[in-house]
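Using this note's numbering, read the sequence shown as starting at 493 and increasing by one per residue.
We put the beta carbon where it would ideally sit given N, CA and C, even for glycine.
Input: a single structure, listed below in structure tokens.
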Amino acid sequence: MWLHDLFLQLDLRGLLIFTSALLLVMCFLNEKDPPNFPPGPPSLPLLGNVFSIESQQPHIYLTKLADVYGNVFCIRLGRHKTVFVTGWRMVKEAIVTQADNFVDRPYSPMVTRIYSGNSAGLFFSNGGIWKRQRRFAMAKLRTFGRAESSMEQRICEESHYLQEAMEKETGEPFDPVPLLNNAVANIICQIVFGRRFDYSDRNFQSMLRNLTEMAYLEGSVWALLYDSFPALMKHLPGPHNGIFSNSKCLEASIRAEVERHKLDLDPGNPRDYVDAFLIEKHKQNGELGFDDENLVLCCLDLFLAGSETTSKTLQWGLVYLINNPHIQGKVHAEIDAVIGPTLQPSVADRPNLPYSDAVIHEIQRMGNIVPLNGLRMAAKDLMLGGYFIPKGTSVMPNLTSVLFDKNEWETPDTFNPKHFLDANGKFVKREAFLPFSAGRRACLGEGLAKMELFLFFISLFQRFTFSTLDGVELRTEGITGATRSPLPFKIYAKVRQT
493 MWLHDLFLQL
503 DLRGLLIFTS
513 ALLLVMCFLN
523 EKDPPNFPPG
533 PPSLPLLGNV
543 FSIESQQPHI
553 YLTKLADVYG
563 NVFCIRLGRH
573 KTVFVTGWRM
583 VKEAIVTQAD
593 NFVDRPYSPM
603 VTRIYSGNSA
613 GLFFSNGGIW
623 KRQRRFAMAK
633 LRTFGRAESS
643 MEQRICEESH
653 YLQEAMEKET
663 GEPFDPVPLL
673 NNAVANIICQ
683 IVFGRRFDYS
693 DRNFQSMLRN
703 LTEMAYLEGS
713 VWALLYDSFP
723 ALMKHLPGPH
733 NGIFSNSKCL
743 EASIRAEVER
753 HKLDLDPGNP
763 RDYVDAFLIE
773 KHKQNGELGF
783 DDENLVLCCL
793 DLFLAGSETT
803 SKTLQWGLVY
813 LINNPHIQGK
823 VHAEIDAVIG
833 PTLQPSVADR
843 PNLPYSDAVI
853 HEIQRMGNIV
863 PLNGLRMAAK
873 DLMLGGYFIP
883 KGTSVMPNLT
893 SVLFDKNEWE
903 TPDTFNPKHF
913 LDANGKFVKR
923 EAFLPFSAGR
933 RACLGEGLAK
943 MELFLFFISL
953 FQRFTFSTLD
963 GVELRTEGIT
973 GATRSPLPFK
983 IYAKVRQT
């Protein structure tokens, strides 16, 4: 009997050794690179480099890797290979010159769970559905957004609500983030839902909290872990579960708005994006992503892109101009000279405010709101930067490396509006200015975002002088998720003398 037990133990031990060896061989074969594949740092079997990435500032860690491995390199996230593209020259090659080769998004377990395997909204869909939905959304943003003079007026009206809310702080230090979130989100609300919300509306505030948390978690190490090890992570507790609970809450709020629209929909007179989508849904019989579930997901994408990014840019604007009072003073002087203290700002004022325009652009550059852009997927076997990229490989353009490219910016690590001014003080465009990305996946709301940033910024600095607590310099490291926001800070908003 004991001899039988011994053989059984040896067989089990041998089976475990054989299985482990087989797994390692399979892992090795899976991770073996094809000839002339981009180099990268050493990685652990099965785990890859996922635990090497600096969790607080991943974009900085990934940018520095280019100093060692070049502007096209590979890291492994779990068993999946991701090629990172760094620097203006190589990012332009990938997303502009070879735009058609890097259009589709790769498979993501996290995205699949958020979007329940449906059409995946505006940003994570591919193929014909993506093309049709993007065209439709861009057309409706023009119709209900920047192409209508009424939208400029709505932004100016919202600026007044924002100013009034700041004035109520009566000279006490306050956190400006909630107020900026309220104002910016109300612009996308008017385009998508056809109405604005009072700043005290509970459902509105709940939506904004969920948006902020979701935007952070989607770009955190927790999302990276979920996509790398989905079979394990979906059963574990942790912050990553907040991604899915926040998205469900947001979807429920949006779905309620959609149902409200259905009650008084006039097919001949669409009031907003939701109305237009419902009308198109009837025409398309639910094809090409025109169904109720995808409407909710498209609205979710519009809110994430249309409120988080613009609000965070304005937050960084306060940080940098409080830290640089001499620059804030020049902005005040230019606004006073061109518009005066009481006239309502207009987009038509932009050419006459070159310094303020340069400051806004430098805020976007230094604020670096979307540090890494979105993953792309190689549509076919191709060459990039002299390296072979197999079809289906995930590719990530690093926008941080473009906005801080030492070959493109005179003082890349310093807040310097002169980056956007010529010797005569006139505004100049810079090719390496890519806060909205570029190519076929560029931000579809870029025009609206530029209008919002300009009008909100000018109206705020026309009305107030901003400062912080005595002896305090606001920190600029930031908190990085899918978007990058300032660390918590408080300000004074002093009404300027008219």
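Determine whether the beta carbon atoms of R955 and V987 lie at a separation below 9 Å.
Yes, these two residues count as a Cβ contact at 9 Å.
I want to know whether the stretch 969 to 986 touches the stretch 548 to 560 - three or more CB-CB distances under 8 Å.
In this structure the stretch 969 to 986 touches the stretch 548 to 560; the number of beta carbon pairs closer than 8 Å is three or more.
Identify the continuous alpha helix (DSSP H) that holds H818 and give its terminal residues.
Where H818 is concerned, the enclosing alpha helix (DSSP H) stretches over P817 to V830.
Please state the DSSP three-state secondary structure of R571.
Correct three-state label for R571: coil.
8 Å contact criterion, which R646 and I679 should meet: CB distance rounded:
The beta-carbon distance between R646 and I679, rounded to whole angstroms, is 7 Å. This is short enough to meet the 8 Å contact definition.
Based on the DSSP output, what are the partners of A677 in its beta bridges?
Answer by DSSP bridge pairing: none, since A677 is not bridged.
For P837 versus C648, is the C-beta spacing smaller than 9 Å?
Closer than 9 Å, so yes.
Just to confirm the assignment, what range does the alpha helix (DSSP H) spanning T957 have?
Run containing T957: none in the alpha helix (DSSP H); it sits in the beta strand (DSSP E), F956 to S959.
First through last residue of the alpha helix (DSSP H) which encompasses P527
From DSSP, P527 is part of no alpha helix (DSSP H); its letter is neither H nor E.
Where are the alpha helix (DSSP H) runs, 4 residues long or more, that stay fully inside the stretch 698 to 743, in chain order?
Runs of the alpha helix (DSSP H) inside the stretch 698 to 743: 713 to 720 and 722 to 725.
Identify the residues that DSSP records as bridge partners of M869: which are they?
Per DSSP, S886.
With a threshold of 16 other CB atoms inside 10 Å of the CB of S608, please say whether the residue is buried or exposed.
Answer is exposed; the Cβ neighbour count stays below 16.
On the criterion of 16 or more Cβ atoms from any shown chain inside 10 Å, does G778 qualify as buried, or is it exposed?
Classification of G778: exposed, given that the 10 Å Cβ count is below 16.
Mind checking F543: buried by the 16 CB within 10 Å criterion, or exposed?
Per the 10 Å Cβ criterion, exposed.
Is the beta carbon of F928 sitting closer than 9 Å to the one on F919?
Contact: no.
Tell me which residues share the same chain as S977 and place their Cβ nearer than 6 Å to its Cβ, disregarding the 5 neighbours each side in the sequence.
These residues qualify, in order along the chain: K804 and I971.
Helix, strand or coil at Y607 according to DSSP, with G and I counted as helix:
Coil.
How big is the Cα-Cα spacing for H824 and L813?
Approximately 11 Å between the Cα atoms of the pair.
F925 lies in the alpha helix (DSSP H); which residues open and close that run?
Taken as a continuous stretch (DSSP letters only), F925 belongs to no alpha helix (DSSP H), as it is neither H nor E.
Taking the alpha carbon of R922 as the reference point, which residue from D784, W901, N908 and D905 has its own alpha carbon closest?
Minimum Cα distance to R922 is reached at W901.
Could you spell out the range, first to last residue, of the beta strand (DSSP E) harbouring F880?
First-last of the beta strand (DSSP E) with F880: Y879 to I881.
Which residue from F565, G613, Q807 and Y765 puts its Cα closest to that of I983?
Checking every option, the nearest Cα to that of I983 belongs to Q807.
Expected contact under 8 Å - CB spacing of L709 and H732 to nearest Å
That pair is a contact at about 7 Å.
Express the C-alpha separation of R763 and K740 in angstroms, rounding to a whole number.
A straight-line Cα-Cα distance of about 26 Å links K740 and R763.
8 Å contact criterion, which G570 and P531 should meet: CB distance rounded:
Cβ atoms of G570 and P531 stay farther apart than 8 Å, at about 19 Å.
Here's the rule I'm using: 16 or more other beta-carbon atoms within 10 Å means buried, otherwise exposed. How should E992 be labelled?
Only positions 493 to 990 of the chain appear in this structure, which leaves residue 992 out of reach.
State the beta-bridge partners of G540 as determined by DSSP.
G540 pairs with L536 and L569.
Is it right to say K584 is buried, meaning 16 or more other beta carbons lie within 10 angstroms of its own, or is it exposed?
Within 10 angstroms of the beta-carbon of K584 lie 16 or more other beta-carbons, which makes it buried.
With 16 other CB atoms within 10 Å as the buried threshold, where does D849 fall?
Under this definition D849 is a buried residue.
For N865 and L940, I'd like the C-alpha separation in whole angstroms.
Cα to Cα, the separation comes out at about 19 Å.
Taking the alpha-carbon positions, what's the D914 to P846 distance?
Rounded to whole angstroms, the gap between the alpha carbons of D914 and P846 is 10 Å.
Quick test of the definition: if touching needs 3 or more C-beta pairs under 8 Å, does the stretch 902 to 911 touch the stretch 869 to 878?
Cβ pair count under 8 Å is below three, so no.
Give the DSSP-derived three-state secondary structure of K918 in the structure shown.
In the structure shown, the three-state DSSP call for K918 is coil.
Exposure of L724, with buried meaning 16 or more beta-carbon neighbours within 10 Å:
Around the beta-carbon of L724, fewer than 16 other beta-carbon atoms lie within 10 Å, marking it exposed.
Use the C-beta contact count for G856: other C-beta atoms within 10 angstroms, 16 or more gives buried, fewer gives exposed.
Checking the sequence shown, residue 856 turns out to be Gln, not Gly. It counts as buried.
CB-CB under 6 Å to F981, same chain, minus the five flanking residues each way: which ones, in chain order?
Setting aside the 5 residues that flank it on each side, F981 is surrounded in the same chain by L966, each with a C-beta closer than 6 Å to its C-beta; the list follows chain order.
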